[in-house]
Each structure stands twice: as structure tokens, then as C-alpha cells.
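Residue numbers (the working numbering): 226 to 361. Here the structure comes first, spelled out in C-alpha cells, and everything after it is commentary.
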């Protein structure tokens with residue numbers, strides 16, 4: 226059994242370092258930058274590409290989700306087209322809610338992501354997904 230010297234363990238010696246609360250918009254901007262880079266590198270004009278995703282852990286108490294993910298999936302019906310999807314993982318990690326943001330060629334997706342109000346649209350969509358997860 227480990228014995229602790231109570232005199233040495235005090236509030237002065239134990240310092241809790243608060244985590245910097247990152248705004249959801251900052252996290253969206255970070256994940257968007259990663260996705261843009263991967264889209265430019267990994268999606269060809271035509272032909273096969275692998276599905277990929279980037280995600281972040283949700284720290285915002287107002288959003289009912291454990292993690293948020295942005296992913297690219299190949300459109301099985303149209304060659305050279307891809308789907309940009311947004312997903313929110315339920316806190317129990319058993320279920321998620323997803324929505325499609327845009328479908329199109331690489332340049333269409335990139336131009337959609339470069340719009341000025343993209344971050345705001347994604348944030349609104351995350352709130353909708355969060356609300357749908359609350360009802361489950």
C-alpha cells in the first residue's frame with residue numbers, strides 16, 4: 226500500500242491547469258483546412274479514390290455529441306463525384322447522426338468549402354445533428 230505524505234499534498238502543490246476552451250468555429254476551421262488539403266491530394270477528376278474522414282472531440286457543452294466528423298465518400302452512382310458528409314457521434318458512442326453537405330466533383334466541393342459562410346453553415350448543421358441525437 227502506498228502511503229502519501231499529507232503535508233506535501235496540498236492545494237498549493239496540486240495545480241489544475243485549465244484546458245483552453247476551443248470554440249466550435251475554430252475546430253470547424255481546423256478540420257476544414259485538413260479536409261481541403263486531403264481533397265486536393267486524394268480525389269482525382271475521374272476514377273477510384275478511398276473514402277476518408279477527419280474528426281475532432283466535442284468540448285462544447287451546448288452540443289450533444291461526443292465527436293464531430295467530416296468525411297468524403299465516393300458517389301457510387303456518378304464517376305468522379307464525391308459526397309461531403311458531416312456526422313455527430315452520440316455520447317454513448319453507439320449511434321451517430323449524419324447529413325450530406327454537398328455532392329459533386331472535387332472542384333465543386335472545394336468551391337463550396339471556400340465560401341465565406343461555410344463555417345456558419347457547418348455549425349448550424351452540427352446543432353441540427355445534436356438536436357436529433359438528443360431525441361434518441
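Yeah, the Cβ is synthetic: ideal placement off N, Cα and C, and Gly gets one too. What you are looking at is a predicted structure, and each value in this text was computed from that prediction instead of being measured.
Measure the C-alpha to C-alpha separation of residue 340 and residue 319 and round it to an integer number of angstroms.
-> The count along the chain shown starts at 1 and reaches residue 340 at position 115. The count along the chain shown starts at 1 and reaches residue 319 at position 94. Rounded to the nearest angstrom, the two C-alpha atoms are 33 Å apart.
Three or more C-beta pairs closer than 8 Å, one from the stretch 324-337 and one from the stretch 285-294: is that the case here?
-> no
Hey, would you say residue 310 sits closer than 8 Å to residue 326, going by beta carbons?
-> Here residue 310 refers to the residue found at position 85 when the chain shown is read from its first residue. Here residue 326 refers to the residue found at position 101 when the chain shown is read from its first residue. Yes, Cβ-Cβ distance for residue 310 and residue 326 is below 8 Å.
7 Å CB neighbourhood of residue 305 in its chain, flanking five on each side removed | Position 80 of the chain shown, counted from the first residue, corresponds to residue 305. Correct list, in chain order: 270, 271 and 330.
If we count the other Cβ atoms within 10 Å of its Cβ and call it buried at 16 or more, is residue 258 buried or exposed?
-> Sequence index remark: in the chain shown, residue 258 carries index 33 (1-based). Exposed: under 16 other Cβ atoms inside 10 Å.
Determine which residues share a DSSP beta bridge with residue 305 and list them.
-> Here residue 305 refers to the residue found at position 80 when the chain shown is read from its first residue. Looking at the DSSP assignment, residue 305 forms no beta bridge with any residue, so it has no partner.
CA-to-CA distance, residue 317 to residue 285, given in whole angstroms = Within the chain shown, the letter at position 60 stands for residue 285. Within the chain shown, the letter at position 92 stands for residue 317. Those two C-alpha atoms are separated by around 16 Å.
Pick helix, strand or coil for residue 359, following the three-state DSSP scheme.
-> Here residue 359 corresponds to residue number 134 of the chain shown, with the count starting at 1. In this structure, residue 359 counts as helix in the three-state DSSP scheme.
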